[in-house]
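To convert, count from 1 in the sequence shown and add 2; that's our numbering.
Note that beta-carbon positions come from the ideal geometry of N, C-alpha and C, so glycine has one too.
The structure presented is a predicted model; accordingly, all values stated were derived computationally and were not measured.
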Amino acid sequence: MTISSFNTALDLSGAYGLTAPSRNITTSIALPGDVHGALLAADLIPDPYFGENEKVVMWVGETEWHVERRFEASAADIAGYLSLTLSEVDCIATILLNGEIIARTDNSFVRHDIDVTGKVHQGENTLRIEFGVAPDVAKARSDAHPFPIPFTYNYQTNGLKGIHMNFIRKAACHAGWDWGICTMPVGVYGTMALRKSRLARQDSVEVEQTHGAKGVELSIKTRVFAFAHGEVELEHTIDGQTITDKVAVQKGENVFTHNVTIHNPKIWWPAGQGAQPLYELTTNLEGEVTTRKIGLRKLEWIIEKDEIDHTFKCRINGRDITMMGANWIPADAIPSRITPAVIRDLLESAKAANMNMLRIWGGGQYEPDYFYDLCDELGILLWHDFMFSCMSYPSNREFLASVETEITQQVRRLSHHASIALWCGDNEVIGSLNWYPETKADPGRYLANYDRLNSMLHRIVEDEDPSRRFWPSSPSLGYMDFSDGWHSDTRGDLHYWDVWHSAKSFDAYRSVNPRFASEFGFQSFTSMNVIETFSEEKDRNPSSPVMENHQRNNGGNARIIETMTRYFRFPRDFDQMVFLSQIQQGLAIKTAIEYWRSTKPRCMGTLYWQINDIWPVASWSSLDYGGQWKLMQYMAKRFFRLVNLVAVPNAENTEITLKGINDTGRPVSIALEVKAVSVSGAQRTIFSGNSAIGADAAIALTTVSVADLAQDEFLYFSWKDAAGNILGENDYFPKPYKAHELSQARISATWSDRDGQAILTLETDKPALFATATVDVPGYFSDNALTLLPGERVDLTFIPRHGAKVTSADLAKSLTLRNLAETF
């Protein structure tokens, strides 16, 4: 049977007129897109990211904007029922078609399917969107609320007097955060289309999996909105199988379920654990064709009583797999700059650093479809917060009704993705009840207020996506437990911030033993070449106004510098300070993750804060704004190795235990060599032997007494597989780096080209710590921030970004080598 092609769509994206009546501005805007992008293109505002320009362009988010375009519709275009679909209007807006108001929007996370049947004319039509001023609407709603609901302290870092983002549904970080610029963008993103239907349109297609001994049964649930009673033709195709059905529809929403079995299924695994085969599901409703990629995997969260308290681990295809990765924030503060190429670059960097999970943080946004498609393709699982963060929210009927539509739509849109691992109610909202005078003064009221919203989120997930775990909040100790998730490490997930916010030593990471560390971090300055994009030479000082404007956490620059004096000698100039800040950032997170991974199976997840930046700024990120690798990203590639060896000192720092970690599903045998190395270059082997590490295990391999090391010695250890291939190297310094008289190493560099790749070979005459190679060409080396020892050659492969082709000759011109001793 052939499905008739009645249903079509008229794309309404493109050039619109943009006006601000109160400011006498008239220009054009490309939609999907945002006002900031349009004003930049028209040279009407300076770059908000440069210097302190943020303050100069704050008016953009405080202005009413109108967009308008004319479009032609033929008789065929309008011969049927018509829906105007706008998938993301950001956010307070009135929609007019041919001068008639057809919708008012106030939730940027809701897709609007507006019935415009009979309202579109043959010939010329006008679509107009009038944006209100979101901060004004938010304040008016807050003022009208029967009791105060405070907004987050994070907005105090950007000069705003206060904006009640908890009263409007928009990315909270658009108003700034403790790593983010305040842009308050205005725009439309995603689909903008006039959809023609003979009788009905697709609203969502969800897929549930049941894994059996002989195959995987897929239950395909299609939601169809019908404009009238009648019959429509619906077809699904997957894995060479086609289901075609004529179904009766009633006016309104209709749900149809079809089952199909995939025999001899190819199973999907997270990155590092296997392949990511994807089956294409095509759904055809009378010519309206949609496609989805389906990864077949069984995923469970095992939260059950054990000898400690309760486990918290992710079981995939029957195996308990450690989650390793980072937290994700929106890729840019100007949304029109976020493209599939930008997202692919960032996600490929996550996979290249051996990550298998990202946490989509609740102060940002639900990402576009292509983001989740890429995560499915790359094997990156997603801990997905709903978009609530760091403050209480209203629980009145109007707010809850809007959120119910939002969450229902988003779960239906995304639940077919193999990458979605968990739905989480919010980020730190439970904890925020203890942060504000208003909530602390009346805890019963605000807890009841919280529970109204959180319980609704839980119910929606149970109804719409019953196979997935709902977790109430991050951090949380579990269902209906509103106690402190920051300091209890025996169950649930943990946010541990004492090393950064309380300025504790890096050793403090070893004082807690989380079951799942979902947020923790340490800042560095963004890289020097990025600093040069937003500053003049006179600004390049950590306490200059420009550098302080590009630091959103109160006292952040001072804390970076204070920590340097604890571990390192003070750097000799600003450039070295930036380099050293990235060394210490990586060292902090390495300390945490190596220790927590070594406690496996107690700790089964480490997601540091954060992988990416929303603009060029001093922050906790391991990738600069624009995707360049900071030193921590290189260290992450090593501390997230599936087979790893780490040094764990005892509390007194008198003994160091070397622990082997195996996060593969099979036993491994390794040959371990441990050296005591003098910072001047002398080396002696103090242990060598073969060890077996069981599948998915962490075990102690040997212990070294600190008393057996000379004052100027550190531990350097390497491990090989049975064939003699080096699997990895690591080191451990019992004393702070500042205590050592480091030798100035001479590092030699030679280039070659092999199999179309540029190879950099490094050798040194003295131990070189955190030896780092950089070039001006976008890309990253296969390793960096290395410990180089005399007598060893290290080959580094350059991986160009964006699929570029480069040769060693291209790279050699701009090569810079540096190491820790140069900062002294």
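Between which residues of its own chain and Y374 is the CB-CB distance below 8 Å, once the five residues before and five after are set aside?
L384, L416, H419, S421, I422
Would the region 605-625 count as touching the region 564-577 if we require 3 or more Cβ pairs under 8 Å?
no
Cβ neighbours of K248 in the same chain (closer than 6 Å, five flanking residues each side left out):
E233, E235
Touch check for the region 737-745 and the region 567-581: three-plus C-beta pairs under 8 Å?
yes
8 Å Cβ shell around T705 - same chain, five flanking residues per side excluded
E657, I658, T659, L660
Three-state secondary structure (DSSP) at Q252?
coil
Whole angstroms are fine: how far does the CA of S199 sit from the CA of T528?
51 Å
Compare the beta carbon distance of K295 and Q211 with 9 Å and say whether it is the shorter of the two.
no
For S810, which of helix, strand or coil comes out of DSSP?
helix
At what residue ranges does the region 85-158 contain a whole run of the alpha helix (DSSP H), taking only runs of 4 or more?
136-146
Hey, which unbroken runs of the beta strand (DSSP E) at 3 residues or more fall wholly within the region 707-793?
715-722, 728-734, 749-756, 759-766, 770-776, 781-783, 788-790
Which residue comes first and which comes last in the beta strand (DSSP E) that contains Y610?
607-610
Cβ of V234 versus every heavy atom of the ligand SAH: is any distance shorter than 8 Å?
The ligand SAH is absent from the structure shown, which contains no ligands of any kind.
From T441, P272, Q243, A273, pick the residue whose C-alpha is nearest to that of T285; which is it?
Q243
Are the beta-carbon atoms of P474 and H497 separated by less than 9 Å?
no
Alpha carbon of A333 to alpha carbon of Y448, nearest angstrom
33 Å
Please classify F149: is it buried, with 16 or more other beta-carbons within 10 angstroms of its beta-carbon, or exposed?
exposed
Measuring only the C-alpha atoms, how far is L798 from A702?
31 Å
What does DSSP give as the partner residues of F472 in its beta bridges?
W425
Extent of the continuous alpha helix (DSSP H) to which N551 belongs:
547-551
According to the neighbour-count rule (16 or more other Cβ atoms, all chains shown, within 10 Å of its Cβ), is T766 buried or exposed?
buried
What residue range does the beta strand (DSSP E) around S2 cover?
Nothing can be reported for residue 2: it is not among the residues displayed for the chain, which extend from 3 to 826.
Taking one C-beta from the region 215-225 and one from the region 306-317 each time, how about it: are there three or more such pairs within less than 8 Å?
no
Helix, strand or coil: which one does DSSP assign to S24?
helix
When burial is assigned at 16 or more other CB atoms within 10 Å of the CB, is S526 buried or exposed?
buried
Exposed or buried, A17, counting other C-beta atoms within 10 Å across all chains shown (16 or more means buried)?
exposed
To the nearest angstrom, how far is it from the Cα of Y368 to the Cα of A195?
20 Å
Is it right to say P267 is buried, meaning 16 or more other beta carbons lie within 10 angstroms of its own, or is it exposed?
buried
Going by DSSP, which residues form a beta bridge with S394?
DSSP lists no partner for S394.
Would you mind stating whether P370 and G628 have Cβ atoms separated by less than 9 Å?
no
Locate the alpha helix (DSSP H) running through P342, then write down its first and last residues.
342-354
Which listed residue (S351, S338, H68) has its alpha carbon closest to that of K632:
S351
Cβ pair F642, G327 closer than 9 Å:
yes
DSSP-derived helix/strand/coil call for G433:
helix
Three-state secondary structure (DSSP) of P445:
helix
Among G274, L625, I728, Y281, which one has its Cα closest to the Cα of G667?
G274
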